[in-house]
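Numbering of the sequence shown is given in our numbering, commencing with residue 39 and proceeding in unit increments. The C-beta atom is built at its ideal place from N, Cα and C for all residues, glycine as well.
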Amino acid sequence: MRNVALYIHVPFCRHKCTYCDFYSITDTSMLPHYMAALLKEIEGYQQKPPFDGFSSSSLPEIRQQQQVFNDGETAASPFLAAFQTMLPDDGFSLSSIYFGGGTPSLLSHEQIFTILRFIRQGFYAPQDIEITLEANPGTLSEPSAALLLNAGINRLSLGVQSFDNRDLSMLSRIHDARQAAESIHYLQRANIPNISIDLIYAVPCQTLDSWQQTVTQTLQFKPQHISMYGLTYEPGTALARAVELKQIKKCDEELEREMYLCGSEMLTAAGYEHYEISNFALPGYRSRHNQKYWDGTAYLGLGPSAHSHFNHFRWRNIDDVHAYHQRLNKDEWPVAETEKLTTTQMKAEAILLGLRRKEGLDLQMWRQIFTKDFYELTGSALESLGGIDLDTSPFQPSQNGKLLTGINHHLALTRQGLLLYDYICRELYAAVA
Ligand code: SF4
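Right, dumping it as structure tokens:
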């Protein structure tokens, strides 16, 4: 049975945050149409072979897109062929289910329950499967939190972002610090067994002190998992425009590095395992779903703008809830583009994903897949990066200031390397491309 992680994109938000470039709309009147289309998409993937479940009229478009993306491959319809071979007779076995967005906590518990029922009808999902729902403080109440467990959710990822109201207002979040704390209490009282809290650092005007206070307050709740991301300025967002117009100033880079190091030290000192650049977990609580992305294994994304990755193919749904609904209503697949990964892209992904993880890049696996020794390919790049420390554990400080550590056929970042992740990936990628 083919094992996949399932992602459901819920494209609705109460309000658009200033830094966000995820696809979402604030018009929730489309929610019933979205639900009908999503259930149809789920059913479509449950039929065999998958694309035969719908009208073939959407297939020429998919084939045409392949010619653009396929890197010279001429096999007839490799996308469909890949689908047919990757769908075993006994179907998909799900390794995790993740409702992301958007703001999935805008769905009612009945809607969540219905989606999960449809999923379980056609996909094999083990009883103890991790089912995560992203939620925003400001959309939860005590009764709604209590119903989530009944609907089937066993992991909650809460977008707290900060416990400082100045940061929350800069990010134009719909909640304040008090509501964030209340939401965590609701979830804990509802006995949600696994709660993850998202934080953002390097917000303009944030100080090292205020960031430390946010981390301290987060730790007081003892969540099972914490993610912390540096604020990014995505093109087209209100925050990026404000920087261009010099209305706000980005956080100083040195301060941003200090915030990252200080945050990670506080979390590891409190017993959290730093297992991915931005993610920390109490023992046994790593995100099973996100680990699938970082492992480069298969995932299926449903809903507008959702991405999928299977057998070296990637495809993406259209990022328009109206068009998504119309396509499925006409029995057509809502796929916007497909891409067969080239060897060069696969190498780049292996480096980018491998170095994010504490386990690092598996060099034996690299040799098996790409039939070349990684160190032979990257010798001079590794030298210019300062060489490899063979005595330091991943993500730990290197006594001789090295950026990379090589232990048991794995290449990983040292603490110093964590701060230069982008640069290191670029150098290694240039050497293997
Ligand atoms: S709630 Fe999340 S998805 Fe929605 S606009 Fe804000 S950051 Fe984006």
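Could you tell me if Leu428 is buried or exposed, where buried requires 16 or more neighbouring beta carbons within 10 angstroms of its beta carbon?
exposed
Would you check if the distance between the CB atom of Tyr45 and the CB atom of Ala344 is smaller than 8 Å?
yes
Counting only the same chain and skipping the five closest in sequence on each side, list residues whose C-beta sits under 6 Å from that of Arg193.
Glu168, Thr170 and Asn232
Are there 16 or more other CB atoms within 10 angstroms of the CB of Tyr461, so buried, or fewer, so exposed?
exposed
Within the continuous alpha helix (DSSP H) that includes Ser134, where are the two ends?
Counting along the chain, Ser134 falls outside any alpha helix (DSSP H), though it belongs to the beta strand (DSSP E) covering Phe130 to Gly139.
Spatial distance of Gln244 from Tyr362 (CA atoms):
39 Å
Just to confirm before moving on: does the CB-CB distance between Gln199 and Leu209 stay below 8 Å?
yes
Under 8 Å by Cβ, that's how I've got Gly190 and Ile150 pegged, so tell me the actual separation to the nearest angstrom.
7 Å
For Phe60, verify whether its CB is less than 7 Å away from any heavy atom of the ligand SF4.
yes
Which full runs of the alpha helix (DSSP H) of 4+ residues lie inside the segment 142-203, going along the chain?
147-160 and 180-189
Could you give the DSSP three-state label for Asp290: helix, strand or coil?
coil
Label Pro372 either buried or exposed according to how many other C-beta atoms from any shown protein chain fall within 10 Å of its C-beta, with 16 as the threshold for buried.
buried
beta-carbon Thr141 near the ligand SF4 non-hydrogen atom, thresh 7 Å
yes
For Thr452, which residues of its own chain have a beta-carbon under 8 Å away from its beta-carbon, when the five flanking residues on both sides are left out?
Asp427, Thr430, Pro432, Phe433, Gln434, Pro435, Ser436, Lys440, Leu441, Leu442 and Thr443
CA nearest to the CA of Leu423, picked from Leu185, Tyr459, Ala307 and Met68:
Tyr459
Which of helix, strand or coil DSSP assigns to Ala319
strand
Going by C-alpha to C-alpha distance, which of Leu178, Thr254 and Ser207 sits closest to Tyr224?
Leu178
Going by the beta-carbon positions, is the gap between Gly334 and Ala386 smaller than 8 Å?
no
Which residue wins for smallest C-alpha separation from Gly140, given the options Gln85, Arg279 and Cys55?
Cys55
Just reading off the beta strand (DSSP E) that Trp404 is part of, what are its end residues?
From DSSP, Trp404 is part of no beta strand (DSSP E) but of the alpha helix (DSSP H) over Leu401 to Phe408.
My output table needs one value for Arg216: the three-state DSSP class, helix, strand or coil.
helix
What does the alpha-carbon distance come out to for the pair Pro88 and Ala419?
For Pro88, the predicted model reports a pLDDT of 47, less than 50, meaning its position is unreliable; a value from the coordinates is still stated below. Looking at the two C-alpha atoms, the distance is approximately 44 Å.
Taking 7 Å as the cut-off, is the CB of Cys51 close to at least one heavy atom of the ligand SF4?
yes
Beta-carbon proximity check, Tyr337 vs Ser346, cutoff 8 Å
yes
Simplified DSSP assignment, three categories, for Thr430:
coil
With a CB to CB cut of under 6 Å and the five nearest residues on each side skipped, what residues in its chain are close to Ser234?
Ser195 and His263
Buried or exposed: which applies to Lys330, given that a residue is buried once 16 or more other Cβ atoms fall within 10 Å of its Cβ?
buried
Please classify Ser93 as buried or exposed, where buried requires at least 16 neighbouring CB atoms within 10 angstroms.
In this prediction, Ser93 scores a pLDDT of 42, lower than 50, which makes its location untrustworthy; no coordinate-derived value is stated.
Along the chain, where does the beta strand (DSSP E) that runs through Tyr442 open and close?
According to the sequence provided, residue 442 is Leu. The question's Tyr does not apply to it. Note, Leu442: beta strand (DSSP E), Leu442 to Ile445.
Got a sec, what are the start and stop residues for the beta strand (DSSP E) Lys378 sits in?
Val373 to Lys378
Pick helix, strand or coil for Ser234, following the three-state DSSP scheme.
strand
Count the other CB atoms within 10 Å of the CB of Leu154; is the residue buried (16 or more) or exposed (fewer)?
buried
Three-way DSSP call (helix, strand, coil) for Leu458 in this model
coil
Quick one: what does DSSP say Ile80 is sitting in, helix, strand or coil?
helix
Considering only heavy atoms of the ligand SF4, does any lie closer than 7 Å to the CB of Asn174?
yes
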